[in-house]
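Take a look at the structure set out below.
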Amino acid sequence: KRISTANSTSAAKAKKARMNLVQSPGFVEISSSANRKIMWYYSKNTNNVQNYHTFLQSLKTNLIQLLKTRVQNDNSIKFNLKLESSYNRPNVENSSENRAFKTSAKEIYMDTKIETIVEESFMKLLAEEDAYVSRGSGFTLQSIDGLLIAIYKYTPMSGSSYIQLPKSITDKRAIINSKN
Numbered sequence: 001k002r003i004s005t006a007n008s009t010s011a012a013k014a015k016k017a018r019m020n021l022v023q024s025p026g027f028v029e030i031s032s033s034a035n036r037k038i039m040w041y042y043s044k045n046t047n048n049v050q051n052y053h054t055f056l057q058s059l060k061t062n063l064i065q066l067l068k069t070r071v072q073n074d075n076s077i078k079f080n081l082k083l084e085s086s087y088n089r090p091n092v093e094n095s096s097e098n099r100a101f102k103t104s105a106k107e108i109y110m111d112t113k114i115e116t117i118v119e120e121s122f123m124k125l126l127a128e129e130d131a132y133v134s135r136g137s138g139f140t141l142q143s144i145d146g147l148l149i150a151i152y153k154y155t156p157m158s159g160s161s162y163i164q165l166p167k168s169i170t171d172k173r174a175i176i177n178s179k180n
């Protein structure tokens with residue numbers, strides 16, 4: 001069973017910090033780590049759009065431009081999206097809950113059609129939200145909070161790559177690790 005971690009204390013604090021940090025429309029870099037190998041950008045729903053499709057379409061151009069810029073700088077990247085929202089139960093006091101709909105990491109190379117990848121990612125987010133609503137949880141959308149994007153520098157293994165296996169695995173003699 002999949003358990004939502006969007007309502008843990010640390011996740012709620014991190015979301016609140018993101019919401020307070022970003023005040024302007026568009027994607028704003030909010031954090032980076034590991035020598036800028038991973039960068040996080042956040043776009044807050046400053047216009048209080050209440051429709052997921054409309055909100056995502058309003059970000060599409062900026063998102064594509066951001067990804068194009070990053071892939072030009074790094075040659076290949078991976079990215080994933082996290083759509084953050086708040087839901088509540090009608091007529092129930094203090095029933096507000098955070099929900100996040102996520103995509104898995106997608107690779108982008110210099111020759112990738114970024115528009116297609118972004119559209120597929122949006123469809124995945126909308127399908128995940130639709131599945132959540134269809135389960136009949138009784139929650140209704142209170143607000144769409146924003147979209148978080150994580151961009152990772154990606155270095156795919158080349159054809160002549162060789163990785164030395166740990167001694168514990170080599171000693172079992174269960175794997176053939178050929179040198180290319």
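In terms of the numbering used here, the sequence shown opens at residue 1 and continues consecutively. Beta carbons are placed, not taken as given, at the ideal position from N, Cα and C, and that holds for glycine. Fair warning: this is a prediction, and the values are worked out from it, not measured in the lab.
- Straight-line spacing of the CA atoms in leucine 148 and glycine 136 works out to 26 Å.
- Here serine 43 is buried. Its C-beta has 16 or more other C-beta atoms within 10 Å.
- If you ignore the 5 residues before and after alanine 105, its C-beta comes within less than 6 Å of the C-beta of Lys78, Asn80, all in its own chain and listed in chain order.
- If you compare the alpha carbons of Ala174, Ile108, Gly159, Ile163 with that of isoleucine 151, the shortest gap goes to Ile108.
- For lysine 15, the uninterrupted alpha helix (DSSP H) run begins and ends at 9 to 21, by DSSP.
- Residues Tyr109, Met110 of the same chain have their beta carbon placed closer than 8 Å to that of asparagine 75, with the five preceding and five following residues left out of the count.
- DSSP places glutamate 119 inside the alpha helix (DSSP H), whose first and last residues are 114 to 134.
- Glutamate 29 sits away from leucine 83, with the two beta carbons spaced by 9 Å or more.
- Leucine 56 places its beta carbon less than 9 Å from that of phenylalanine 122.
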